[in-house]
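Q:
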Amino acid sequence: MAEYKLKTPLNDEDVSKLKSGDIVYLSGVMYTARDAAHKRLVDLILSGEELPFDVKGTVIYYVGPTPPKPGNPIGSAGPTTSYRMDPYAPILIEHGLKGMIGKGKRNEAVKDACKKYKAVYFGATGGAAALIAKAIKKAEVIAYPELGPEAVRRIEVEDFPVVVVNDTYGNDLYEEGRKLWEQK
Amino acid sequence: MRVVKYEDIVKSIKDMIIYSTTHLAPDMQKALEEAYENEKSEVSRAVLAQLLENAVIAEKEWKPLCQDTGLAIYFVKVGTDVKVEGGTLKEAIYEGTAKGYEEGYLRASTCDCFSRANLKDKAGYNLPPIIYFDLVEGDKIDIEYAAKGGGSENVSRATVLAPAAGKEGIKEFVRKVVSDAGPNPCPPLVVGVGIGGSFDMSAVMSKHSLFRNIGTPNPDPELDALEKELKEELNKLGIGAMGMGGTETVLAVHIETYENRMCHIASLPVAVNIQCHSSRHSHITI
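Residue numbers (the numbering used here), protein chains in the order written: chain A, 255 to 438; chain B, 45 to 330.
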């Protein structure tokens, strides 16, 4: 298991070197979105309209943060469970999305899209929300403010800690890790 | 008849919410430290270290441990010799909840079931809560509060087994719920199990069992043994912290039964309420 520091946006070369279980520290710009925002983003793609941000090379963080306290860019901001984004993720990956950050299992369609179009699913530590917020230096709502915590935010991060769960080769850390430690 | 002021209840609820969403409960702190010591997988140990560090930051800055500050769940025991002056107890809990979540910079996580719109203007900030009232002797009001996140709630399950399934059937059901949940509910977990009563009562008891402090034994020796046996078996699943693979998947199993193990002659209701490693729970007596 290797350790990498990567800058967003990511390209094919960046994601191809990653293997499930690798630790990655991400820096740069990424966007936040949960299911309500994903539905709207995919509706825009299907009707041929422009997205509120360029999806090519982008990393999307599945998070609905708490409101920021005065003087902070963001409140606590840990990952939400990712399967709710499974119906929408493959089409975004097809349009150039390179990374997703969340927690929990993905379905086969998402894993297949990661292989086919070269994208990676990263796991962040659920419940480590005050710690992860330290890596988020700026946050700004850029779309759907009416969704409250589910609005799309542009965030700037420094050394955001994640682990590769699903890589571009079809590996799955959750399955491998469990097999390694399961006692029958 | 003892009289308690409405405003005093509102303030107590508000303070309890803000404190317990930002300060890891002492029993959880101890359980996570022990899990860190015992965990054999390196990657799961790294996750547990992050969780302990997270608790330090949250406490120091009074920042929520987790961004999912949950539905507000209350179990309330009201003495028959106490009266609330200035409003009803239910209204006071609603107002305390709205104030706690808003003034504590906590997330409003309630929404309309169908439009999925957050209705904080209409319903109030993170309202409505879930409240279970009970009447008891005495002149006190006893309130237990938990911030229950969606990730662990989504994998919780209830069933009614055939009586012939017995203890083995219960164990198999619990094992299946935890196994199917895998990484999704943020392990290491507290597993609440409600047995008996009716379909709905088993679910309520599974939730209430999550309030017991980890390390406090079940008063029923047979159930205490079953809890320990289940914990050992569940930890063999290999799920580990955040599902990365490891030996510490479950911090505790808590079992509650209805009126000392009672149910209908035709049924064996069982419910499993999964709780994440933040398990924000607290208790006040007014």
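Glycine included, C-beta positions come from ideal geometry on N, C-alpha and C.
All values derive from a computational prediction rather than experimental measurement.
The beta strand (DSSP E) with Y176(B) in it runs from where to where?
A: I174 to V180 is the extent of the beta strand (DSSP E) around Y176(B).
Q: Quick one: Cα of D276(A) to Cα of D268(A), how far?
A: Straight-line Cα distance between these residues: approximately 13 Å.
Q: Alpha carbon to alpha carbon, how far is V395(A) from A405(A)?
A: Near 7 Å, if we compare the C-alpha coordinates of A405(A) and V395(A).
Q: Measuring CA to CA, which of S270(A), A382(A) and V411(A) is closest to D421(A)?
A: Out of S270(A), A382(A) and V411(A), S270(A) has the C-alpha closest to the C-alpha of D421(A).
Q: Out of G123(B), A116(B) and E303(B), which one is the CA nearest neighbour of D186(B)?
A: Ranking the options by Cα distance to D186(B), first place goes to G123(B).
Q: Could you list which residues in chain A have their beta carbon closer than 9 Å to that of L281(B), in chain order?
A: Ordered by position in chain A, the residues that pass the 9 Å Cβ test against L281(B) are R432, W435, E436 and Q437.
Q: Looking only at C-alpha atoms, which of Q437(A), K438(A) and E410(A) sits nearest to K261(A)?
A: If we check each option's Cα against that of K261(A), E410(A) comes out closest.
Q: How would you write the range of the alpha helix (DSSP H) that T66(B) sits in, first residue to last?
A: Element bounds for T66(B): Y50 to T66.
Q: Smallest Cα separation from C155(B): which of K438(A), P403(A) and L427(A)?
A: Closest by alpha carbon: P403(A).
Q: Could you tell me which residues DSSP puts in a beta bridge with V100(B)?
A: V100(B) is not bridged to any residue.
Q: Decide if K310(A) is buried, meaning its Cβ has at least 16 other Cβ atoms within 10 Å, or exposed.
A: Burial call: exposed.
Q: Listed from N- to C-terminal order along the chain, which residues in the segment 327 to 353 of chain A have their beta-carbon within a distance smaller than 8 Å of any beta-carbon of chain B?
A: Listed in sequence order: G329, S330, A331, G332, T334, T335 and Y337.
Q: Along chain A, in chain order, which residues have C-beta atoms closer than 7 Å to that of P227(B)?
A: The answer, in chain order, is K357, G358, K359 and Y428.
Q: Which class does P333(A) belong to by DSSP, given the choice of helix, strand or coil?
A: Reduced to three states, the DSSP call for P333(A) is coil.
Q: Closer than 7 Å between beta carbons: that is the criterion. Which residues of the segment 62 to 85 of chain B meet it against chain A?
A: For the segment 62 to 85 of chain B, which is checked against every Cβ of chain A, the residues closer than 7 Å are S85.
Q: Cα separation between G114(B) and S159(B)?
A: Cα to Cα, G114(B) sits roughly 19 Å from S159(B).
Q: Taking a contact to mean a Cβ-Cβ separation below 9 Å, would you say V248(B) touches V297(B) in this structure?
A: Against a cut-off of 9 Å, the Cβ pair of V297(B) and V248(B) comes out as no contact.
Q: Taking D186(B) as part of the beta strand (DSSP E), name the residues at either end of that continuous run.
A: Where D186(B) is concerned, the enclosing beta strand (DSSP E) stretches over I185 to K192.
Q: From the DSSP output, read off the bridge partner residues of F376(A).
A: I355(A) and V418(A).
Q: Locate the beta strand (DSSP E) running through G238(B), then write down its first and last residues.
A: Its beta strand (DSSP E) spans residues L233 to I239.
Q: Could you tell me whether the segment 103 to 122 of chain B touches the segment 186 to 201 of chain B, where touching means 3 or more Cβ pairs closer than 8 Å?
A: They touch, by the three-pair rule.
Q: For the segment 169 to 192 of chain B, enumerate the residues whose C-beta is nearer than 8 Å to any C-beta of chain A, in chain order.
A: If the cut-off is 8 Å between Cβ atoms, the segment 169 to 192 of chain B has nothing near chain A.
Q: Classify T329(B) as buried or exposed, calling it buried when 16 or more other Cβ atoms lie within 10 Å of its own Cβ.
A: T329(B) is exposed by the Cβ-count criterion.
Q: On the DSSP letters alone, give me the boundaries of the alpha helix (DSSP H) that I258(B) sits inside.
A: Taken as a continuous stretch (DSSP letters only), I258(B) belongs to no alpha helix (DSSP H), as it is neither H nor E.
Q: With a threshold of 16 other CB atoms inside 10 Å of the CB of H308(B), please say whether the residue is buried or exposed.
A: It is exposed - the Cβ of H308(B) has fewer than 16 other Cβ atoms within 10 Å.
Q: For R219(B), return the contacting residues in chain A, with the cut-off set at a CB-CB distance below 8 Å.
A: By Cβ distance, chain A contributes nothing, its closest Cβ being about 12 Å from R219(B), past 8 Å.
Q: Under 8 Å by Cβ, that's how I've got I258(B) and I239(B) pegged, so tell me the actual separation to the nearest angstrom.
A: Incorrect: roughly 19 Å between the Cβ atoms, too far for contact.
Q: If you measure beta-carbon to beta-carbon, which residues of the segment 46 to 63 of chain B are closer than 7 Å to chain A?
A: Cβ contacts with chain A: none found.
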